[in-house]
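Before any comments, here is the structure.
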Amino acid sequence: MSVPGERKLQILQTLAEMLQMPAAEKITTAALAARLQVSEAALYRHFASKAQMFEGLIEFIEQSLFGLINKITSAQESGIAQLEAIVKVLLAFAETNPGMTRVLIGEALVNENDRLQARINQLHDRLEATLRQSLRIAVTQAETQADANVTANMLLCIVIGKWQQFAKSGFKRLPGAEFSMLWAALREKI
Numbered sequence: 222m223s224v225p226g227e228r229k230l231q232i233l234q235t236l237a238e239m240l241q242m243p244a245a246e247k248i249t250t251a252a253l254a255a256r257l258q259v260s261e262a263a264l265y266r267h268f269a270s271k272a273q274m275f276e277g278l279i280e281f282i283e284q285s286l287f288g289l290i291n292k293i294t295s296a297q298e299s300g301i302a303q304l305e306a307i308v309k310v311l312l313a314f315a316e317t318n319p320g321m322t323r324v325l326i327g328e329a330l331v332n333e334n335d336r337l338q339a340r341i342n343q344l345h346d347r348l349e350a351t352l353r354q355s356l357r358i359a360v361t362q363a364e365t366q367a368d369a370n371v372t373a374n375m376l377l378c379i380v381i382g383k384w385q386q387f388a389k390s391g392f393k394r395l396p397g398a399e400f401s402m403l404w405a406a407l408r409e410k411i
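Per our numbering, residue 222 is the first one in the sequence shown, and the count goes up by one each step.
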């Protein structure tokens, strides 16, 4: 007998694994059920819809990213150090979770429920707000004079661009590759 929630987690893990396949085919509940060796009805005992499965993945992403970001902002006093660590964590998360990267860039959500893309957009907005807050701290600490709004947007665009390259390259172009050189170039602009 499985522990309640164990099967649900197994479904989400399998969905994430399927999203890691470079030949990004549309994932159907039939394919997911076949991969798990269960019936589609068994999937629907745990999730009301495929959209709800994707929402489960988005919740995992949010909890993971903001858990890591909260640790960074608690441990680092320097606004610039926070920014560097946050950008590095966002890139590393994608490398560690290739399937989740396809969710983060919205690629896995094409032809799915519109509310899923809206939720990813909200996640991006929260990430940008977090970067903006660290920039404001950096300004008050006289570490930079950069405009917090413009610079936070630029940093998020770079992160999303790196995620995009990673997914579109079949997960070959690692987002965190040459991070120190990337950060040095960014630091000149911040």
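Using N, Cα and C, we set each Cβ at its ideal position, and we do this for glycine too.
When you compare only the Cα positions, how much space is there between residue i and residue j?
i: Leu348; j: Val308; result: 10 Å
i: Ile341; j: Leu253; result: 22 Å
i: Arg266; j: Lys229; result: 9 Å
i: Ile282; j: Met321; result: 7 Å
i: Phe287; j: Phe275; result: 18 Å
i: Leu407; j: Leu264; result: 45 Å
i: Leu325; j: Ala237; result: 12 Å
Please state the DSSP three-state secondary structure of residue i.
i: Val380; result: helix
i: Ile261; result: A small correction: the amino acid at residue 261 is Glu; Ile does not occupy that position in the sequence shown. Reduced to three states, the DSSP call for Glu261 is helix.
i: Thr250; result: helix
i: Gly391; result: coil
i: Ile307; result: helix
i: Val331; result: coil
i: Asn318; result: coil
i: Ile411; result: coil
Using 10 angstroms around the beta-carbon of residue i, count the other beta-carbons present and answer buried if the total reaches 16, otherwise exposed.
i: Asn370; result: exposed
i: Arg353; result: buried
i: Gly382; result: exposed
i: Ala339; result: exposed
i: Glu305; result: buried
For residue i, which option in the options has the closest C-alpha, if you only look at C-alpha atoms?
i: Glu333; options: Val310, Thr317, Lys247 and Trp404; result: Lys247
i: Ile358; options: Ala269, Leu286 and Ile301; result: Ile301
i: Phe392; options: Leu312, Leu377 and Ser401; result: Leu312
i: Lys389; options: Gln241, Met274 and Met375; result: Gln241
i: Ser299; options: Ser355, Met402 and Trp404; result: Ser355
i: Leu377; options: Ser260, Thr294 and Val310; result: Val310
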